[in-house]
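Contents: one structure, followed by commentary.
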Amino acid sequence: MSETTTPLKILVLHGPNLNLFGRREPHIYGHTTLAQINGRLQALATELDVELAVIQSNHEGALIDFLHAHIDSAKGALVNPAGLTQHGVPLHDAIKAMPFPTLEVHMSNIAAREPWRAHSIISPAVRGTVQGLGVHSYLVALRGLAGLLRESASAPAAAR
């Protein structure tokens with residue numbers, strides 16, 4: 000990070016049961032723990048000159064409160080809504096209320112799993128979705144979001 004720039008602040012929200020990564024259905028999610036995912040995200044954030052604020056909660060309200068708390072300081076967010084993907088109307092509404100872009104992240108390809116998982120109520124509220132790449136879904140999403148934010152910041156005001 001240079002002395003004249005402030006790093007971009009990006010939120011990372013991990014939804015219900017993601018604290019069980021590494022133990023829960025390893026045939027789908029692999030053996031990487033949430034702590035390892037966060038470590039890899041932090042290493043990439045350092046490389047990208049990005050500041051991360053991370054939360055994992057099994058409670059939708061805590062995720063919403065986290066978004067609200069950072070509404071004026073964050074520049075973007077990554078959200079893995081997990082079990083809230085199909086039914087998280089309040090989370091969807093909170094994401095839509097944010098003044099910054101959000102990317103939806105899934106370790107698995109939800110469209111290739113049980114039919115009820117294929118529809119995301121969160122997707123219409125986000126800029127894009129990265130899924131099916133395991134841990135790399137998070138890393139690709141962080142790179143992509145940081146690039147979008149920097150591109151937007153450097154664009155002439157009329158083009159934003």
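Quick note: the sequence shown uses numbering that gives the first Met the number 0, first residue 0, plus one each step.
By construction, the Cβ of each residue, glycine as well, lies at the ideal position given by its N, Cα and C atoms.
| Asked | Found |
| --- | --- |
| Tell me which same chain residues have a C-beta within less than 7 Å of the C-beta of valine 88, skipping the five on either side of it? | Ile120 |
| Decide yes or no for the touch test of the stretch 140-154 against the stretch 110-117: beta carbon pairs closer than 8 Å, at least 3 of them. | no |
| What is the DSSP secondary structure of glutamine 85, counted as helix, strand or coil? | coil |
| Taking valine 125 as the reference, give the member of Thr101, Ala110, Val11 with the closest Cα. | Thr101 |
| Only counting runs of 4 or more residues, tell me where the alpha helix (DSSP H) segments fall wholly within the stretch 46-131, in order along the chain. | 59-68, 88-96 |
| Looking at the structure shown, is valine 11 part of a helix, part of a strand, or coil, going by DSSP? | strand |
| Within the same chain, show all residues whose beta-carbon is closer than 6 Å to that of leucine 7, passing over the 5 residues directly before and after it, in chain order. | Val49, Lys74, Leu148 |
| How close, in whole Å, do the beta carbons of leucine 17 and alanine 110 come, if the pair is a contact with beta carbons under 8 Å? | The pair is not a contact, with the Cβ atoms about 19 Å apart (cut-off 8 Å). |
| Rounding to the nearest angstrom, what Cα-Cα distance links methionine 0 and alanine 154 in this structure? | With a pLDDT of 46 at methionine 0, under the threshold of 50, the modelled position of that residue is not reliable, and no figure is offered here. |
| Under 8 Å Cβ to Cβ from histidine 105, same chain only, skipping five residues before and after it: list those, please. | Asn79, Thr84, Thr128, Val129, Gln130, Gly131, Ser136 |
| Which residues mark the beginning and the end of the alpha helix (DSSP H) in which glycine 26 is found? | First, the amino acid is wrong: residue 26 is histidine here, not glycine. Residues 25-28. |
| Expressed to the nearest angstrom, what Euclidean distance is found between the alpha-carbon atoms of isoleucine 54 and asparagine 108? | 22 Å |
| What residue from Glu150, His118, Tyr28, Gly14 has the CA that sits closest to phenylalanine 65's CA? | Gly14 |
| State buried or exposed for glutamate 150, treating a residue as buried only when at least 16 other CB atoms are found within 10 Å of its CB. | exposed |
| Do you know whose CA, among Ala52, Ala61, His58, Leu62, lies nearest serine 72's CA? | Ala52 |
| Using CA coordinates, which residue listed in Pro98, Leu12, Arg39 is at the minimum distance from isoleucine 70? | Pro98 |
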